[in-house]
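Asks: Numbering (my numbering), first residue to last: 45 to 239.
We put the beta carbon where it would ideally sit given N, CA and C, even for glycine.
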């Protein structure tokens, strides 16, 4: 790995470590896409001692893939996620969801079902990790502006927020997609490009 790539990898891992250090048990929402694959890699590197967590023991880590069944590739994506977790020795499960019709549309139904499944999978002592990043935050803001949202609807995503009686942590929120792509290239990661 080139020296500048090593620095980028270490910087991203240190940001992730800072976000997860207060917690002892983590559940990663793992889609297998670029963002969650980078987060999985960073978390397992921290767990395995590749980078320090300021002397603290690494938190327990599990991953869950929510299978919406919306794509003809959905089974292959779930298998990819299972493989990536197995090779990193991360406990893995798949949550299958059934989407009901909703006036808000398929995307809203999928999001609602996904968060219901994640909440149902989350242990009492775990925090939920998702891999939203800076570019997702900008996209969310633009969509809110387009919909004519007021001040509450324009609020930024919080990097650490309440979630159904527990915590939702977004360790990559300060990272841009280009940084995630550079990390993935430097680490030789494989991820899913959804259709």
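#1: Only counting the same chain, and skipping five residues up and downstream in sequence, which positions put a Cβ closer than 6 Å to that of residue 107?
#2: So residue 173 and residue 166 are supposed to be a Cβ contact under 8 Å. How far apart are they, rounded?
#3: DSSP on residue 183, reduced to helix/strand/coil?
#4: Which partner residues does residue 204 have in the DSSP bridge list?
#5: Assign residue 79 to buried or exposed, taking buried as 16 or more other Cβ atoms, counted over all protein chains shown, within 10 Å of its Cβ.
#6: At a threshold of 7 Å, does residue 127 count as lining the ligand MN (C-beta to nearest heavy atom)?
#7: When the distance is taken between beta carbons, is residue 161 closer than 8 Å to residue 141?
#8: How would you write the range of the alpha helix (DSSP H) that residue 88 sits in, first residue to last?
#9: What is the DSSP secondary structure of residue 120, reduced to helix, strand or coil?
#10: By a C-beta neighbour count over all protein chains shown, 10 Å radius and 16 as the cutoff for buried, is residue 153 buried or exposed?
Replies: Considering the structure as presented:
#1: 72, 74, 129, 134 and 136
#2: A Cβ-Cβ separation of about 10 Å leaves residue 173 out of contact with residue 166 under the 8 Å criterion.
#3: In this prediction, residue 183 has a pLDDT of 45, which is less than 50 and means its spatial position is unreliable; what the coordinates show is noted afterwards. Note: residue 183 maps to helix in three-state DSSP.
#4: 213
#5: buried
#6: In the structure on display, the ligand MN does not appear, and there are no ligands present to speak of.
#7: yes
#8: 78 to 91 is the extent of the alpha helix (DSSP H) around residue 88.
#9: Here residue 120 carries a helix assignment [DSSP, helix/strand/coil].
#10: buried
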